[in-house]
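Just so you know, the protein sequences line up as chains W and Z, in that order. With positions in the first sequence counted from 1, the corresponding number in my numbering is that position plus 32. With positions in the second sequence counted from 1, the corresponding number in my numbering is that position plus 30. We put the CB at the ideal spot given by N, CA and C, even for glycine. As the structure is a prediction and not an experimental result, all values here were calculated from the model. Everything below concerns the one structure shown next.
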Amino acid sequence: MRIVALTACPTGIAHTYMAAEQLDKTAKALGHQIKVETQGAMGIENELSESDISQAEVAIFAADIEIEKQERFTKIKIVRVPVQEAIKNPRGVFAKL
Amino acid sequence: MTPHVGRSPEFSFACRLAGGLHARPASCLAEVVSTFASDCVLTNHRNRATANLKSVLAIIAADVRQGDDCCVRVVGPDEESAQVALRRFIDHDLPLCDESPVEIAAPNTQALPRALRQTGVSCYFGTAVSRGIGQGVVVVTGGLALPRGLEAENGQDSSREQEKLGRAIAAVRGRIEAVLARQTSAVEAAILRAHLAIVGDISLINDINARLGNGRSVGQAIVEAGESFTNMLRRSDSLYVRERALDMQEICLQLLEQVYGARFQPLTVELHAPTVVVAETLAPQQLLALNRRWVKALVLENAGLTSHTVILARSLGIPTLVGVKDAPHSLPTGQEIIVDANRGCVVAQAPASVRRFYEREAEAARRRQEFVSRYAQAAAVTGDGRNLEVAANVSSPGELAAAFERGADGIGLFRTEMLFVGRDGVPSEEKQFEVYEQAARAAAGRPVLIRTLDIGGDKPLPYLNLPREVNPFLGYRGVRLYADHEDLMREQFRAIVRASAFGRVYMLLPMVSSLEEVRWAKAMLARVQAELAAENVAFDRAMPLGVMVEVPAVTFILEQLCSEVEFFSIGTNDLAQYVFAADRTNSKVTALADVLHPGFLRLLKQIVDTIHQGGKWVGICGEMASEIRYLPLLLGMGLDEISAPASEIPALKERVSRLSNANCNELLSRALSCRDSEEVKDLLQRNLPVDKAWPLLDRELVILESESESKEEAIRELVNACYVAGRTDDVEAMEDALWARESLYSTGFGHGFAVPHCKTSAAVAGSLAVMKLKKPIDWGAVDGQPSSFVILLALRENASESTHMKVFSQLARKLMDEEFRKDLKVSTNADSLLQFLAGELNIGSH
């Protein structure tokens with residue numbers, strides 16, 4: 033499956049990146065293709081482009097805060113989970129897709 | 031004061047003194063009246079109180095406030111001249127005696143520490159008036175109620191009793207004078223002088239004598255008179271006057287002690303171990319009599335911010351709480367208590383966790399001192415190689431040893447006023463020479479900037495007969511009175527020049543505003559040097575002469591002065607006062623004299639630049655130099671030296687070593703273009719120009735085998751580690767920022783790991799602290815497992831911290847890797863742990 037994901041936690045110092053790492057690792061282990069954008073203290077990194085999103089089947093939002101540039105995701109199915117969920121039980125997140 | 035013309039023998043006036051007729055104006059008034067034989071009685075129409083104007087006590091007790099209408103009746107052999115003099119005094123001189131009552135800003139009483147709140151322990155609250163934390167066994171002193179056991183004593187014939195009284199008064203006076211002669215602190219001296227005034231107060235003596243005439247024993251008479259006066263003072267609406275009741279009682283107790291000798295219970299309490307002195311009231315002299323080594327804190331039920339005891343406790347650095355209700359009864363003798371005068375609480379019967387909290391706080395404070403002391407003896411050099419001399423301000427030779435122990439590169443300001451005040455006449459040349467020589471020798475090759483006499487105006491010397499002034503700060507002071515006091519100055523110059531043979535002595539002139547004053551000093555210096563040469567006395571012919579930059583006019587003749595003198599020292603306190611036209615003793619305007627005002631910063635920059643263009647050296651010795659947050663500005667100015675109280679030197683030197691001179695220059699230029707001081711403050715808070723060489727990883731920030739037993743303790747320990755290593759100046763703010771993040775959801779992300787983190791301006795630098803716990807603790811982690819490995823990530827609130835943030839994000843990702851976590855867990859040695867992290871994260875470490 034082609035997946036896009038986005039992570040964002042309150043301070044953007046730690047959990048944003050932990051969640052991104054977990055989603056990345058787990059997707060690969062499950063045989064998915066994934067690109068994870070982080071919205072943290074360094075701003076937006078690994079930004080998802082229009083084509084990234086249009087080519088994906090589903091978007092995972094692991095976010096505890098309002099995310100930026102939400103308008104990119106109007107035409108895609110979104111699965112929302114708390115950041116902690118993505119860190120603690122990433123396989124469970126993919127099971128929801 | 032506006033005296034209204036009245037018919038003899040009375041006249042009336044309305045009090046215009048903002049502070050009313052309190053201690054200082056009252057004693058000035060009594061001084062004038064006492065030169066006449068006539069009786070002068072004041073009546074305060076508001077409260078119908080009357081006062082013999084020869085008695086300071088009676089005047090204070092009459093509680094004359096601003097706006098009160100008073101009437102003065104003068105009757106006696108010299109009533110006419112007395113009334114003329116008194117009217118003139120009230121009209122012209124009394125307004126000059128005004129002073130705002132001493133106000134002490136109470137420190138911010140912060141919320142209780144988490145460790146305390148957590149235990150739910152009850153504590154006693156009070157107002158913290160002298161900061162710090164003290165711990166010890168309670169010693170309750172008996173308050174100052176006058177003993178009644180002496181009532182049975184029979185009065186002998188009244189003349190013999192009067193003799194006893196006379197001897198007691200003389201003895202008490204002599205004792206206070208003896209202490210006064212030894213004291214070096216201006217605060218102590220002022221209090222003792224107030225006591226001297228009470229002991230010689232005519233109303234008190236008359237009252238006691240009248241009771242002796244009625245057949246009382248001298249003891250009874252003192253007790254009764256004392257009670258009557260203290261009650262009178264206590265009834266006052268003015269807190270200041272009520273607090274003088276304490277001084278009154280103290281004097282009466284001392285008189286009784288003199289009369290009865292060993293039969294009277296001694297005032298002093300012997301201390302032999304760390305002690306918290308608890309009292310309903312404690313008189314200043316009782317505090318002075320205690321062994322300071324053992325006094326760890328004071329808890330007083332009754333004492334205001336202006337009480338002499340409190341002022342004294344502050345100057346002695348004793349943590350003090352006042353207003354603790356029923357303190358002597360709820361805190362009984364022998365009990366171990368903790369006084370937290372940062373937060374305003376007393377904890378008795380503290381549970382182990384609270385005792386642990388304070389022990390750990392004390393340990394952190396100790397480690398901080400130890401940490402900065404490593405920087406004390408080395409030169410203060412910025413990360414990019416610029417040296418800044420960090421010198422000490424001292425007022426007496428007794429402070430020299432401590433200054434050099436704390437790493438002073440020199441004495442940037444040796445004040446000589448203390449040699450001249452609190453004595454009957456000018457100190458001899460020999461006496462002065464001894465002190466200056468001692469300073470030169472103690473400095474062992476380091477420079478000592480001896481400032482010549484800066485007296486006059488607000489700091490009068492009785493034996494110089496200086497006139498009272500309307501605007502003392504704009505008046506006859508410093509170098510301005512030298513030409514009129516040639517002999518006095520010749521002796522001081524001689525003493526300083528002679529001392530120059532024993533070290534690197536520099537001579538500094540205060541309050542210079544013109545070339546003429548400098549030329550006068552140079553001529554005197556040349557004369558003195560010629561005399562000493564003729565006497566075959568050794569001295570340093572090249573002893574540099576310098577001037578204080580504190581009068582604004584002088585900042586525009588620096589070019590000319592550069593060809594007359596060798597160095598300059600900027601006195602920012604006075605310079606700011608004059609530049610802003612804001613009296614620094616007037617609490618209504620003192621905030622205007624803001625050294626962060628861009629106009630003031632531009633002036634300082636211009637001063638330093640002009641002096642450097644003239645090829646001369648310039649330092650700074652005002653309070654501004656001791657404020658660690660201003661250090662980047664001072665470095666940016668290009669100052670050659672800063673001079674601060676000795677206690678600040680190690681921390682200042684440590685901070686210099688952290689900064690980048692280039693970045694300080696850049697920060698200063700931004701500050702100079704700010705519009706107001708708020709912008710400057712904001713700039714300073716957001717941008718600490720830390721040198722790149724200050725790494726994220728730091729040996730000080732690795733805690734192996736932590737004894738922390740709770741999340742609260744662990745977070746506090748990590749924050750304290752940052753404080754010890756100079757990575758935060760505000761422990762509470764950093765702690766709050768971490769807890770604010772924890773309150774969203776726990777940073778315990780499972781597997782026994784937690785990553786508390788924050789982004790805050792309380793972090794001086796990006797920091798990564800690592801803690802391994804001996805016993806895992808509950809962190810509220812997402813997997814419900816206790817945590818044994820904690821990593822603190824502190825980011826400075828600043829957009830330009832992306833390098834640190836990259837490392838943090840990399841670390842966060844790696845923490846998701848089981849192998850990485852295992853490697854962290856198995857390392858048992860701080861150095862190998864740091865090496866491992868540095869390698870994995872591709873960064874350097876300390």
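Can you name the residues of chain Z whose CB is closer than 9 Å to the CB of residue i?
i	result
residue 119/W	779, 780, 812, 846
residue 53/W	842, 843, 844, 845, 846, 847
Taking C-beta pairs closer than 9 Å, name the residues in chain W that residue i reaches, listed in chain order.
i	result
residue 153/Z	Here the premise fails: no neighbours, minimum Cβ distance about 33 Å.
residue 825/Z	43, 45, 73
residue 788/Z	43, 45
residue 785/Z	45, 46, 47, 50
residue 771/Z	42, 43, 45
residue 835/Z	44, 45, 72, 73, 74
Restricting to Cα atoms, I'd like to know which of the options is closest to residue i.
i	options	result
residue 580/Z	89/Z, 72/Z, 607/Z	607/Z
residue 188/Z	236/Z, 245/Z, 209/Z, 158/Z	245/Z
residue 38/W	113/W, 70/W, 53/W	70/W
residue 367/Z	165/Z, 441/Z, 406/Z	165/Z
residue 92/Z	151/Z, 73/Z, 104/Z, 108/Z	73/Z
residue 331/Z	309/Z, 321/Z, 39/Z	309/Z
residue 800/Z	822/Z, 859/Z, 780/Z, 313/Z	822/Z
residue 142/Z	199/Z, 369/Z, 59/Z, 358/Z	369/Z
residue 734/Z	289/Z, 116/Z, 857/Z, 85/Z	857/Z
residue 447/Z	432/Z, 465/Z, 433/Z, 431/Z	465/Z
residue 819/Z	779/Z, 835/Z, 794/Z	779/Z
residue 287/Z	460/Z, 647/Z, 202/Z	202/Z
residue 243/Z	478/Z, 514/Z, 190/Z	190/Z
residue 347/Z	414/Z, 163/Z, 84/Z, 250/Z	163/Z
residue 545/Z	593/Z, 518/Z, 517/Z, 524/Z	593/Z
Which residues in the same chain have their Cβ closer than 6 Å to the Cβ of residue i, if we skip the five residues on either side of it in sequence?
i	result
residue 761/Z	749, 753
residue 91/W	36, 105, 108, 110
residue 113/Z	104
residue 344/Z	160
residue 254/Z	241
residue 119/W	50, 51, 54
Along chain Z, which residues have their Cβ under 8 Å away from the Cβ of residue i?
i	result
residue 116/W	775, 779, 812
residue 57/W	846
Using a Cβ cut-off of 7 Å, pull out every chain W residue sitting near residue i, in sequence order please.
i	result
residue 850/Z	Residues of chain W passing the Cβ test: none, with the nearest at roughly 11 Å.
residue 722/Z	In chain order: nothing, as chain W lies at least about 19 Å away.
Given residue i, which residues of its chain have a CB within under 8 Å of its CB, disregarding the five upstream and five downstream residues?
i	result
residue 362/Z	168, 170
residue 559/Z	527, 569, 571
residue 136/Z	Residue placement at residue 136/Z is flagged as unreliable, the pLDDT there being 44, under the threshold of 50; a coordinate-derived value is accordingly withheld.
Note down, in chain order, each residue of its chain lying with its Cβ closer than 7 Å to the Cβ of residue i, except the 5 sequence neighbours on either side.
i	result
residue 851/Z	781, 783, 845
residue 860/Z	729, 732, 734
residue 56/Z	86, 89, 90
residue 855/Z	819
residue 667/Z	634, 635, 638, 698
Just to make sure I have the definition right: I need the residues of chain W whose C-beta is within less than 8 Å of the C-beta of residue i. Which are they?
i	result
residue 534/Z	Within 8 Å Cβ-Cβ: nothing; residue 534/Z doesn't reach chain W, min ~51 Å.
Within 6 Å: the Cβ of residue i and any heavy atom of the ligand MG?
i	result
residue 260/Z	With respect to the ligand MG, the structure offers nothing, as it holds no ligand at all.
Segments assigned beta strand (DSSP E), at least 3 residues, entirely inside the stretch 664 to 728 of chain Z:
Whole beta strand (DSSP E) segments, 3+ residues: 671 to 675.
Flag this pair as touching only if the stretch 462 to 472 of chain Z and the stretch 499 to 511 of chain Z have three or more C-beta atom pairs under 8 Å; answer yes or no.
The count of Cβ pairs closer than 8 Å, one atom from the stretch 462 to 472 of chain Z and one from the stretch 499 to 511 of chain Z, stays below three, leaving the stretches out of contact.
Ranges of the beta strand (DSSP E) found wholly within the stretch 415 to 484 of chain Z, counting only runs of at least 3:
If only complete runs of 3 or more residues are kept, the stretch 415 to 484 of chain Z shows the beta strand (DSSP E) at 417 to 424, 441 to 444, 477 to 481, in order along the chain.
Contact between the stretch 343 to 353 of chain Z and the stretch 151 to 166 of chain Z is defined here as three or more beta-carbon pairs at a separation below 8 Å; is this criterion met?
Touching, per the Cβ criterion.
Within the chosen definition, does the stretch 629 to 641 of chain Z reach the stretch 360 to 378 of chain Z through at least 3 CB pairs nearer than 8 Å?
When C-beta atoms of the stretch 629 to 641 of chain Z are compared with those of the stretch 360 to 378 of chain Z, fewer than three pairs fall below 8 Å, so the two segments do not count as touching.
Examine the Cβ distances between the stretch 688 to 707 of chain Z and the stretch 730 to 745 of chain Z and report whether three or more of them are shorter than 8 Å.
Flag = no, the stretch 688 to 707 of chain Z and the stretch 730 to 745 of chain Z do not touch.
When you compare the stretch 382 to 391 of chain Z with the stretch 400 to 417 of chain Z, are there three or more beta-carbon pairs, one atom per stretch, that lie closer than 8 Å?
No, because fewer than three Cβ pairs between the stretch 382 to 391 of chain Z and the stretch 400 to 417 of chain Z fall closer than 8 Å, the two stretches do not touch.
Report the start-end ranges of each alpha helix (DSSP H) in the stretch 344 to 384 of chain Z that is 4 residues or longer and not cut off at the edges.
For the stretch 344 to 384 of chain Z, whole alpha helix (DSSP H) runs of length 4 or above, ordered along the chain, are 357 to 360.
Is it the case that the stretch 220 to 235 of chain Z contacts the stretch 275 to 289 of chain Z, given that we only count it when at least three CB pairs across the two stretches are under 8 Å?
Put simply, the stretch 275 to 289 of chain Z touches the stretch 220 to 235 of chain Z. At least three CB pairs are less than 8 Å apart.
Indicate whether the contact test is met: 3 or more Cβ pairs, each with one atom in the stretch 491 to 498 of chain Z and one in the stretch 546 to 562 of chain Z, closer than 8 Å.
The stretch 491 to 498 of chain Z vs the stretch 546 to 562 of chain Z: no contact.
Quick check: the stretch 692 to 700 of chain Z against the stretch 430 to 441 of chain Z, are at least 3 beta-carbon pairs closer than 8 Å?
No: the two stretches stay apart, fewer than three of their Cβ pairs being nearer than 8 Å.
Please list the segments of the alpha helix (DSSP H) lying wholly inside the stretch 217 to 258 of chain Z, counting only runs of 4 or more residues, in order along the chain.
Those alpha helix (DSSP H) runs which fall completely within the stretch 217 to 258 of chain Z and span 4+ residues are 232 to 243.
Within the stretch 52 to 139 of chain Z, note down every full beta strand (DSSP E) run reaching 3 residues or more, in order along the chain.
Within the stretch 52 to 139 of chain Z, the runs of beta strand (DSSP E) that reach at least 3 residues and sit entirely inside it are, in chain order, 69 to 74, 79 to 82, 99 to 105.
Would you mind listing the alpha helix (DSSP H) stretches within the stretch 515 to 592 of chain Z that are 4+ residues and don't spill past its ends, in chain order?
Complete alpha helix (DSSP H) runs here, min 4: 516 to 529, 545 to 564, 588 to 592.
Would you check if the stretch 764 to 778 of chain Z and the stretch 832 to 843 of chain Z touch, i.e. whether three or more CB-CB distances between them fall below 8 Å?
A contact between stretches requires three or more CB pairs, one per stretch, nearer than 8 Å, and the stretch 832 to 843 of chain Z fails this requirement with the stretch 764 to 778 of chain Z.
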